[in-house]
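Number of protein chains: 2
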Amino acid sequence: MGQARKIPVKSAAEDGGLDASLREILGYTVKRTSNILQADAAAVLDPLGLRITTFSALVVICDHPDVTQSQIAAALNMERSNTVLIIDALEEAELIGRHRVPTDRRAYALRATLEGMKTRDAAVRALSDREEILLQDLSREERATLMALLGRIKPQP
Amino acid sequence: MGQARKIPVKSAAEDGGLDASLREILGYTVKRTSNILQADAAAVLDPLGLRITTFSALVVICDHPDVTQSQIAAALNMERSNTVLIIDALEEAELIGRHRVPTDRRAYALRATLEGMKTRDAAVRALSDREEILLQDLSREERATLMALLGRIKPQP
DNA sequence: AATAATAGTTATAAAGTATAGCTAATAATT
DNA sequence: AATTATTAGCTATACTTTATAACTATTATT
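Line by line, the protein sequences are chains E and F.
The first sequence begins at 55 in my numbering and counts up by one.
The second sequence begins at 55 in my numbering and counts up by one.
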């Protein structure tokens with residue numbers, strides 16, 4: 055039996071295939087796809103000075119003026135503590151501003167600046183254009199189906 | 055057109071919903087789902103002494119005896135350098151062994167131990183049981199559709 | 001023989017995620 | 001009103017995943 059030939063493992067030549075049984079696990083397949091999309095999105099956002107997390111927070115702030123950091127954390131499923139540096143970065147870049155809330159001196163009301171709005175629009179457009187390429191093999195209907203199915207997976211106790 | 059309507063921040067009370075416009079971006083929705091599944095899978099694997107990366111490598115090794123680290127890296131879409139510590143961990147736990155390749159003294163032929171096989175089986179079963187719960191709202195057909203659609207998203211140049 | 005390419009390794013870093021504990025301010029309770 | 005509990009933001013820290021550069025030993029190519 056030995057290895058007379060140096061690569062009996064069919065897939066070495068074919069790049070993929072060794073993970074066949076992993077692909078039956080949804081978590082694996084979703085993560086694999088997520089990695090592809092994340093790497094791609096990061097590259098798209100980089101020239102705009104945004105990372106994925108700062109982009110996400112920026113969109114929420116643009117859509118919902120006067121939102122607080124805690125609300126952002128809840129919306130994006132992240133810890134409050136992790137929003138701090140993200141909001142810091144957006145403020146540093148002058149894409150958003152922290153404003154005081156008259157009725158609650160603990161909280162900040164976050165509002166996008168004009169440049170923040172413009173950056174958001176540019177980023178959304180760039181990502182959208184890029185996804186058009188990544189999803190070129192899927193029909194509109196298939197894309198909608200994919201999104202809908204993903205949306206139905208929720209954390210379980 | 056401006057923003058005549060100000061979007062009255064409906065969602066502050068409702069916990070979710072603030073990310074509505076992000077959810078239209080596939081990358082965001084996929085990542086969100088991925089995070090849910092990852093956190094869940096990590097909790098399932100933890101009692102077995104596995105992390106997600108070590109589990110993935112273990113499965114590939116069990117399925118393909120004498121696979122090399124480079125092949126694992128290619129299959130799992132990771133850098134060769136990052137396989138080292140993963141394989142180290144599996145070897146340390148005596149779930150796999152590094153064996154020399156007679157024809158190439160640079161490479162290691164990786165083989166699972168008996169305990170490695172057992173651990174793999176237990177992990178796959180535990181993950182499968184858990185996914186059954188997470189996917190209870192999706193029919194068999196819908197799950198198959200989801201997997202197939204995800205499989206059609208590939209990295210683009 | 002000289003050069004290039006490959007396998008594994010080391011070191012390091014960036015990014016995302018998570019936990020614990022802190023201060024200040026607000027809300028709830030007695 | 002005074003005490004207590006909760007909340008918002010923050011700091012520090014750490015772990016996991018992923019990424020890059022450079023190194024050694026070995027094999028392949030020219």
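Glycine residues also receive a C-beta, built at the ideal position from the N, C-alpha and C atoms.
Quantities reported herein were computed from a predicted structural model and do not represent experimental measurements.
Residue-level contact by beta carbon holds for L76/E and chain F, with a gap shorter than 8 angstroms. Cβ atoms of T199/E and L192/F stay farther apart than 8 angstroms, at about 12 angstroms. Not a single C-beta of chain E is nearer than 8 angstroms to the C-beta of H153/F. With a 10 Å radius around the Cβ and a threshold of 16 neighbouring Cβ atoms, K172/F comes out exposed.
No Cβ of chain E is located within less than 8 angstroms of the beta carbon of G170/F.
Of all alpha-carbon atoms in T122/F, I115/F, A74/F and V114/F, the one lying nearest the alpha-carbon of V113/E is that of A74/F.
CA-to-CA, the gap between L130/E and L139/F works out to about 31 angstroms. Taken atom to atom, the span from the alpha-carbon of G103/F to that of E185/F is near 19 angstroms. The Cβ atoms of E145/E and R152/E sit closer than 8 angstroms to each other. The DSSP-derived three-state label of G205/E is helix. Between A127/E and R134/E, the CB-CB gap stays under 8 angstroms. Distances from the alpha-carbon of V98/E to those of S88/E, A176/E and P209/E put A176/E closest. Around the beta carbon of Q125/F, 16 or more other beta carbons sit within 10 angstroms, so the residue counts as buried. The Cβ-Cβ distance between M201/E and L189/F does not fall below 8 angstroms.
Put simply, the CB of E185/E is near chain F, with a gap under 8 angstroms to one of its CB atoms. At least one CB atom of chain E sits nearer than 8 angstroms to the CB of T199/F. Taking CB atoms only, Y162/F has no neighbour in chain E less than 8 angstroms away. Rounded to the nearest whole angstrom, the C-alpha separation of T83/F and R105/F is 24 angstroms.
Taking C-alpha positions only, E169/E is separated from E148/E by approximately 7 angstroms. Taking a C-beta distance under 8 angstroms as the contact criterion, D120/E and L76/E do not qualify as a contact pair.
Ranking T137/F, I115/F, P156/F and Q210/F by CA distance to the CA of I150/F puts I115/F first. Within the DSSP bridge table, the entry for D117/E names no partner. Along the length of the segment 155-186 of chain E, whole beta strand (DSSP E) runs at least 3 residues long occupy 158-166, reported in chain order. Here R134/F carries a helix assignment [DSSP, helix/strand/coil]. With respect to the 8 angstroms criterion, T137/F and Y162/F are not classified as neighbours on the basis of their beta carbons.
Under the DSSP assignment, I79/E falls outside any alpha helix (DSSP H); it carries neither an H nor an E label. The C-beta separation of Q92/E from K208/F comes to about 14 angstroms, leaving the pair out of contact by the 8 angstroms criterion. Chain order gives no chain E residues near E145/F, where near means a beta carbon separation below 9 angstroms; the closest approach is about 19 angstroms. Contact check for A166/F against R174/F passes: the beta carbons are separated by less than 8 angstroms.
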